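Asks: Residue numbers (full-length UniProt numbering), protein chains in the order written: chain Y, 1 to 339; chain H, 1 to 339; chain E, 1 to 339; chain B, 1 to 339; chain S, 1 to 339; chain V, 1 to 339. For each residue, glycine too, the CB sits at the ideal point set by N, CA and C. The structure presented is a predicted model; accordingly, all values stated were derived computationally and were not measured. One structure is given below, represented as structure tokens, and several questions about it will come after.
Protein chains: 6
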Amino acid sequence: MKILTFGEIMLRLKTPEHLRIVQADGFEASYGGAESNVAVSLATLGDDAAFLTKLPKNPVGDAAFNELRRYGVDTSRILRGGARLGIYFFEKGSDIRPTSVLYDRAGSALAEADADEFNWEALLSGIDIFFFSGVTPAISPSVEQAVFGALKYCHSHGITVICDLNYRTKMWSQEKAQSVMKELMQYVDLCIANDEDFEATLGIHAFDGDMAHGIDQIETYRQGILKIQELYPNCKAVASVLRNLKTAEDGEWMGIYLKDGHFYESPIHTVHSLEAVGAGDAFAGALIHGLVHGFSPQKLIDFSITASVMKLMIQHDFNLVSEEEILRIMKTGETNVIR
Amino acid sequence: MKILTFGEIMLRLKTPEHLRIVQADGFEASYGGAESNVAVSLATLGDDAAFLTKLPKNPVGDAAFNELRRYGVDTSRILRGGARLGIYFFEKGSDIRPTSVLYDRAGSALAEADADEFNWEALLSGIDIFFFSGVTPAISPSVEQAVFGALKYCHSHGITVICDLNYRTKMWSQEKAQSVMKELMQYVDLCIANDEDFEATLGIHAFDGDMAHGIDQIETYRQGILKIQELYPNCKAVASVLRNLKTAEDGEWMGIYLKDGHFYESPIHTVHSLEAVGAGDAFAGALIHGLVHGFSPQKLIDFSITASVMKLMIQHDFNLVSEEEILRIMKTGETNVIR
Amino acid sequence: MKILTFGEIMLRLKTPEHLRIVQADGFEASYGGAESNVAVSLATLGDDAAFLTKLPKNPVGDAAFNELRRYGVDTSRILRGGARLGIYFFEKGSDIRPTSVLYDRAGSALAEADADEFNWEALLSGIDIFFFSGVTPAISPSVEQAVFGALKYCHSHGITVICDLNYRTKMWSQEKAQSVMKELMQYVDLCIANDEDFEATLGIHAFDGDMAHGIDQIETYRQGILKIQELYPNCKAVASVLRNLKTAEDGEWMGIYLKDGHFYESPIHTVHSLEAVGAGDAFAGALIHGLVHGFSPQKLIDFSITASVMKLMIQHDFNLVSEEEILRIMKTGETNVIR
Amino acid sequence: MKILTFGEIMLRLKTPEHLRIVQADGFEASYGGAESNVAVSLATLGDDAAFLTKLPKNPVGDAAFNELRRYGVDTSRILRGGARLGIYFFEKGSDIRPTSVLYDRAGSALAEADADEFNWEALLSGIDIFFFSGVTPAISPSVEQAVFGALKYCHSHGITVICDLNYRTKMWSQEKAQSVMKELMQYVDLCIANDEDFEATLGIHAFDGDMAHGIDQIETYRQGILKIQELYPNCKAVASVLRNLKTAEDGEWMGIYLKDGHFYESPIHTVHSLEAVGAGDAFAGALIHGLVHGFSPQKLIDFSITASVMKLMIQHDFNLVSEEEILRIMKTGETNVIR
Amino acid sequence: MKILTFGEIMLRLKTPEHLRIVQADGFEASYGGAESNVAVSLATLGDDAAFLTKLPKNPVGDAAFNELRRYGVDTSRILRGGARLGIYFFEKGSDIRPTSVLYDRAGSALAEADADEFNWEALLSGIDIFFFSGVTPAISPSVEQAVFGALKYCHSHGITVICDLNYRTKMWSQEKAQSVMKELMQYVDLCIANDEDFEATLGIHAFDGDMAHGIDQIETYRQGILKIQELYPNCKAVASVLRNLKTAEDGEWMGIYLKDGHFYESPIHTVHSLEAVGAGDAFAGALIHGLVHGFSPQKLIDFSITASVMKLMIQHDFNLVSEEEILRIMKTGETNVIR
Amino acid sequence: MKILTFGEIMLRLKTPEHLRIVQADGFEASYGGAESNVAVSLATLGDDAAFLTKLPKNPVGDAAFNELRRYGVDTSRILRGGARLGIYFFEKGSDIRPTSVLYDRAGSALAEADADEFNWEALLSGIDIFFFSGVTPAISPSVEQAVFGALKYCHSHGITVICDLNYRTKMWSQEKAQSVMKELMQYVDLCIANDEDFEATLGIHAFDGDMAHGIDQIETYRQGILKIQELYPNCKAVASVLRNLKTAEDGEWMGIYLKDGHFYESPIHTVHSLEAVGAGDAFAGALIHGLVHGFSPQKLIDFSITASVMKLMIQHDFNLVSEEEILRIMKTGETNVIR
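Here you go:
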């Protein structure tokens, strides 16, 4: 089974430690973005994953390309050209101080790419699963159009489509997001919806917006999940991460998965995170891994949420954790020094 | 409204991470000191703040000067000359290991300055509020004398005097502190007293000295605060930060403010701090900001304590947090990633 | 005498040491750009210098703003707003490996600013000297238009205009540059032309393009300089830096200055540079400083070229060298440890 | 009283922060190993401690040698020669992610040393206490033989032998460990046994292996400790650290000490550790210090466990904490900034 | 054309800047080794290059594997297993202080691999060129045997064999080297011999051992090169780098290439190197690239030596320089800032 | 033979790379000072060297103490107590930019020590050679007095006194220096005089002050050296380093040694230094080493100057170079990679 994920990878510039941008005289550089993170998760878990984007032919584009290759992602379908790589600045919060992300992604090679640069027949050749998140169509109208092209091709060629709704308030309005995502959902076979995604991208009320009480609202979430399946019958399964968040680091996390009319729910993990980004992508990557390897629904959701919270303990965007490590945490919760 | 703060800024040499000084082969360099921190808080909050000190005419003095200028403090009244910039070494603790400060400030340009180098008529021209903390008169007899000069000028020219009692056990004895501070308090319009300050600088018993139970002793604090007003009728308001401290990072913080015979008390913030210095200065800075902008007493104390605990999440001495950020934390307690 | 410089300041992201971008997992961050560098030179030399640009209202824009303030530049005329701060990536070469600059400046706040956002009457109030380089009109058509607005205002209000022709091949073609710069030169009172600037911006042949033999072609340069004055009678003086460059670090540098029909030429400095950027801006800054302080033409050119080669020994974009230090190098060439 | 500890010191290569080895492009280098850590603890506490090992005559061996000397350990008995210094790679965990140690110690100078290179008569001359841990005999058969040589010499010359059983699953099997350690225990005067050491090295069941509930099983531990004394009558005292571990950082720690048929138990310390290695060695070092200085059994165990948890707040392997600091923590639990 | 290189990649631990190992408290970590460096050169130049070695299945082995993949090397033939990755410590010299390399490679996964783990039929399937250096057979007897296996298979299946004689005095004696390399040379189609390689590995006197005068002895070198062809008629071409070295950084470099009885010689490059390792491997990589792309003999040697001296300006082991960059240096020697 | 050196060790705070102090947000921390550097040189060369100073009992004093111990210096005679450790800030120059040292040493523990804290009978017990430099008596009147005490004791007890005149213009005037040093010279057995030392400390004209032409004035130097012996008959030998300095890094160095009426002169070393401090101390250390080991006068001066220029290639203050390494450089000048 070969998976293709489609989206944007950016240069991530993080200040050292918890410095504010106005204090920093250097940035840690890494590369990440929702769909590339999913591809790296899959490659790290041992799957055959390719990533599709467009990268500028300059050293910054090369560095992003190499970083994907370094972690075993198939980069052979990536388009090269265009002006620049998108950037995001990252200030890591602490306790009551929220982590802050500043996008500088306008005018990126992918955003400026024409929809017809994507020859889906070639790009999807040999692909079994196609993944994208709601970030991708939000990038630009032409990328939105490209996503439609991909989904239609998948739909007519039996390629499974998995979508993480992944709403980004800094990228588009709820109105705009809904007008696009509702349409795209017609082609989606499995959908991941977290937190505000229900409302923002599909207009379904599942969550009152208070991140401190996501898990406490599990019943509303269940209703929201059922509503998705009701509205989008092509969508055969829905997964979701629920959270109670207390500080920038402390929270409770659980996964819920609706399949064949049954809800499978993971235990609640109480964690203090090291760097709270990429957990949703890690969840998606683990979920696809489990689907590819035929995990039972209960194992699937347990594995996915464990992978997701393990990501909270890994720096940068990629969830560089092996299947063996995830399974060990699931089993023992062992945290003593391994020596 | 223009504010002048008067005191010493030092070179702060912090070991990387939590290294002991004997382990470190480098120091992070920044600049700070109570009154300069207050000035930077004010400038960051958008106020017109000047800082007064004496800095050596050498590159280390220039660097301190530039750092103030960088964050928008008016440096035009700073005296230049003298031998050296005071230094403090900083070892960041962890849990049961206390954070440790080693002063190397003897012989600094300010400590060696003559009282008559300070031409208060010129230095206080255009100033509406004058701020100093108990650290300033503790620096040297000549600086103590200078403070008296300033306060007398303020008193006779209608400039509001705000003082953070700020006792430092490594700088002077309680006996010496009381002999000076009791005198200075005659000229103070608003006073900030925390923890041991009551006893050490004014001989008022408000706290048993156990940092683990400051908030638990709120009633004694209230009595201490009332006692201040009783003894120093010129002092029209008193503010205080109360804390229960559990470890080097974990604690509960609240603010209390006496004005016109009424106590205004903030909610209790339970926090895990990133770097527990400068919170008192952040409190003072926010308090002055609120006074300048006519905040209601309740908003004033809520805003000040929120600013203070936000500082616990910022590295180095300066509280580089905007008014908008403080208000957002006050309102929502929102800690999810902002993106 | 107050100087205003107008142009773009960018975030500069340099790889550590000599790493290639594809090797680096971090960047040193500083801020610079031709005209901001000139303003910092002037402030460091003790002059009253303001910088004009447009900066985004976000932490990256704030950091650029603060960095200027830190070094004493008057930032009160800077416009705030727009989308992003321009960036340039910097890879430091070595010997036969050239230093490489990768611009990522499209869509910057300044580039997108409308010409009529610049109210020249207000912005030039109290200004005696206006400086810009050829980079500024190359940024965008609206900035080009703004430059015309400024020059016309200066011309009619007796403000001296100084221009460093400063051709950037990655920003515009020679054809486009000439069509603009020839027009702007009508208003220029003093012009700095280096290397390829003669040909690229004014169509005057002074240099065969071989950086290894600039000084060797001094006679052609002299002709080129005379030609400038012939073509642009408003331009009362011309200065130029001539170089023989052997490697990325090694070269010979000299200055030449035409004033009142006489050529003043500095000695040749043979240097091994630490970081070969910003030397032209340091030359311009020192030249303006000398003009403001009435240096004799010979001292002016000697001082300017010494400041310029001193910049080669300073990291980042700004020439943080005092007048005293430059004069000491001019006099003694003393390089022993100062202790 | 002079103490000699015998074992291996290694180069420790830790990734920065919490990076995975596959992410890191650098390592923090320090030096450590159980018995060297004990020697440094003793020297830091003011005792006369020597360390015995074999180090290669190359710069890496020199660096380990110097690091011991730096912290006051007597290095005059160390053998020089052999091929390489053992290495261990260290990845610091976080919350549910365990800290991970990767040994690269095969073929080290000590492992390859012949037993007869150790002239115990000379090496133990002037020594009052000999300390080793279970790691030492696990290094290689020849080192195991050397340990036997040392213990026999000590036994017949009245030198006290102290052993921390210290089982390492990556170094030898329980079967092999028991066959050696049971024999060595005949010569041991005081024994430290923690967690799985009872079972793994002596075949005594004291702990079900679940690190989350060590303290909860205190009664079984007490039985295990009594069993040690029953089986090894030469062993006049037994000390043990009991722990409930919740995450990679959070846990409860207590000490227990059996002497003259009486159990002395410390309070339970609830801590969030900074770097959870070397705490057992810190415990052993403090215990020996207390024995040397005639602490009462209750003070001994309280001091030792406090030293041990203080180590959790210190980076690298060595417990660089003075007796005064330990006593202050024991007394007050004071964690406010010391200034 | 597909190239396979065979040898060992090691973890390289370099002290920061020029620190001595005894001063350093950290190491920069990268990965390199002669044959892996050649593979990366080829991949960077756009060729299809695979690397063969054996890597341990642990995070350090993974990191080496990933680093190769990052730069585009085909890692699909690499064996996994064994105990450890070889290490080399690196201290960068300066002027009269030589750069120093300390090997810690004994017991590596490759050294311990059995010769029959290498199934040459599978490993060489689809390969056109096989490259190894004299380092590979020096690793261990079993690796030596594996090399013989590979060469015999190549010889009988028309795969071109290229060998860089690459003598390492710390790995084997001249006597041992000659006994092996003379035998292996029977199968070599193109040979690279530098400096002492002639004497040490083939017993041919071409150089008096004085690195300060290699180029000065060009005539002896020419005789040595002819002698190689005379003794090993299978060897159809010989290439060599000649050097005059003045300091750890300063030297003159030239290439010489014997093909069809004619000597092709490059210009002499006078360079000041940044980090003088890997230049020989860069030469070999460029040479193979030129052969694959049918460069004329003169262009071949000019290109190879230029690539080699460019490597002197790149940090770490890999020559991350594109064909375009090498050609630009060959043509212009241009070293001005590219912007 | 046991050597005692007496003087001050300071905390050295160097900006990273070549940053100006006003640019740096961190300092590299190391420890050094003329006489401590000599002690470390001797210990590194294998000699029995002790260092005498007074260090504060705080972590910064401990770190200096440990650093000496780390490199094998006998620290048992060091006094502890006093207020602070002296500091010096260090900005590394480049080419025409001089390296700059900013002292912050006033009020140090040593400077404030009373002369009678030094019990010379105990401190000099077992000592064969006593070394100090002209920096020591310049520290304070009480230290000057202590030096007199030491020299008188040495003189009457047959302990050899070696003095490096070592004039520091920032510490005392030539007038003051001469009044002290001329007196002290009565007791000196071997004297080292460099550059301006002749004039500044002894009033002997040997050098015109132009560092670019020291070697060129060798004849005047020879006269100066002879003059020393003439004026101070107790001084049986004089050594001197002569230099032609071209830039902050480039220079020519040679040694000259007068013994028994004969001048021994080393070859001239042309070097490009990495960090030009401590070379004089390295010279003194090597000279004492050679005297202790009975080197012939010619070998002595050759060895000493080679050690001195090797120091130019080592970072920080200490010359961490072995006798073997110095001898290898003396013999071969070999600078190729050692592997």
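Can you find a C-beta in chain E that's less than 7 Å from the C-beta of residue 315 (chain S)?
Replies: Taking Cβ atoms only, chain E reaches closer than 7 Å to residue 315 (chain S), which makes this a yes.
Asks: Got a sec, what are the start and stop residues for the alpha helix (DSSP H) residue 302 (chain V) sits in?
Replies: First-last of the alpha helix (DSSP H) with residue 302 (chain V): 297-311.
Asks: Nearest CA to the CA of residue 304 (chain S): which residue from S:96, S:89, S:255 and S:140?
Replies: That would be S:255, whose Cα lies nearest to the Cα of residue 304 (chain S).
Asks: Assign residue 24 (chain H) to one of three DSSP states: helix, strand, or coil.
Replies: Residue 24 (chain H) falls in the coil class under three-state DSSP.
Asks: Which residues in chain Y have a C-beta closer than 8 Å to the C-beta of residue 97 (chain S)? List them in chain order.
Replies: By Cβ distance, chain Y contributes nothing, its closest Cβ being about 29 Å from residue 97 (chain S), past 8 Å.
Asks: What does a CB cutoff of less than 8 Å around residue 96 (chain V) pick up in its chain, not counting 5 residues either side in sequence?
Replies: 247 and 248.
Asks: How would you write the range of the beta strand (DSSP E) that residue 133 (chain Y) sits in, first residue to last?
Replies: Segment 129-133, the beta strand (DSSP E) holding residue 133 (chain Y).
Asks: Go to residue 358 (chain B), then tell me how far its beta strand (DSSP E) extends in each direction, as first and last residue.
Replies: Because chain B spans 1 through 339 in this model, residue 358 (chain B) falls outside it and cannot be assessed.
Asks: Can you tell which of H:244, H:229 and H:147 has the C-alpha that lies nearest to the C-alpha of residue 210 (chain H)?
Replies: Ranking the options by Cα distance to residue 210 (chain H), first place goes to H:244.
Asks: Return the chain-ordered list of same chain residues with a C-beta closer than 6 Å to the C-beta of residue 197 (chain E), the five sequence neighbours on each side being excluded.
Replies: Excluding sequence neighbours, residue 197 (chain E) sits near 165 and 167.
Asks: Is it true that the segment 303-320 of chain E meets the segment 69-79 of chain B, where meeting means three or more beta-carbon pairs spaced less than 8 Å apart?
Replies: Touching, no, given that fewer than three Cβ pairs across the two stretches are closer than 8 Å.
Asks: Name the chain B residues whose beta carbon is nearer than 7 Å to that of residue 31 (chain V)?
Replies: Per Cβ cutoff of 7 Å: no residues; residue 31 (chain V) is ~12 Å from chain B at best.
Asks: Quick check: what's the CA-CA separation for residue 287 (chain B) versus residue 109 (chain V)?
Replies: Taking the straight line from one Cα to the other gives about 35 Å.
Asks: When you compare the CB positions of residue 9 (chain S) and residue 53 (chain S), do they come within less than 7 Å of one another, or not?
Replies: For residue 9 (chain S) and residue 53 (chain S), yes; Cβs fall inside 7 Å.
Asks: Provide the residue span of the beta strand (DSSP E) that contains residue 269 (chain Y), from first to last.
Replies: Counting along the chain, the beta strand (DSSP E) containing residue 269 (chain Y) begins and ends at 269-272.
Asks: Leaving out the 5 sequence neighbours to the left and right, which residues in its chain are closer than 8 Å to residue 329 (chain E) when beta-carbon positions are compared?
Replies: Cβ neighbours of residue 329 (chain E) beyond the five flanking positions: 306 and 310.
Asks: Is the beta carbon of residue 206 (chain S) closer than 7 Å to that of residue 224 (chain S)?
Replies: In contact: residue 224 (chain S) and residue 206 (chain S) (Cβ atoms closer than 7 Å).
Asks: Using the Cα positions of residue 26 (chain E) and residue 26 (chain Y), report the straight-line distance between them to the nearest angstrom.
Replies: Answer to the nearest angstrom: the Cα atoms are 7 Å apart.
Asks: Does DSSP put residue 160 (chain B) in a helix, a strand or coil?
Replies: Of the three classes helix, strand and coil, the one that applies to residue 160 (chain B) here is strand, per DSSP.
Asks: Could you name the residues of chain S that residue 310 (chain V) contacts, counting a contact when the two beta carbons are closer than 8 Å?
Replies: Those within 8 Å of residue 310 (chain V) in chain S are 96 and 97.
Asks: Can you find a C-beta in chain Y that's less than 7 Å from the C-beta of residue 51 (chain E)?
Replies: For residue 51 (chain E), the answer is no, since every Cβ of chain Y falls outside 7 Å of its Cβ.
Asks: Would a C-beta distance cut-off of 7 Å place residue 161 (chain Y) and residue 151 (chain Y) closer than the cut-off?
Replies: Taking 7 Å as the Cβ cut-off, residue 161 (chain Y) and residue 151 (chain Y) qualify as a contacting pair.
Asks: Find out if the Cβ-Cβ distance for the pair residue 41 (chain H), residue 285 (chain H) is shorter than 7 Å.
Replies: In contact: residue 41 (chain H) and residue 285 (chain H) (Cβ atoms closer than 7 Å).
Asks: At the 7 Å Cβ level, is residue 119 (chain E) part of the contact set with chain H, yes or no?
Replies: Taking Cβ atoms only, chain H never reaches closer than 7 Å to residue 119 (chain E), which makes this a no.
Asks: Looking only at its own chain, which residues have a Cβ that is under 8 Å from the Cβ of residue 50 (chain Y), when we skip the five neighbours before and after it?
Replies: 2, 3, 4, 5, 39, 73, 74, 75, 76, 77 and 127.
Asks: Just to make sure I have the definition right: I need the residues of chain S whose C-beta is within less than 8 Å of the C-beta of residue 107 (chain B). Which are they?
Replies: Near residue 107 (chain B) (Cβ distances below 8 Å), the residues of chain S are 106 and 107.
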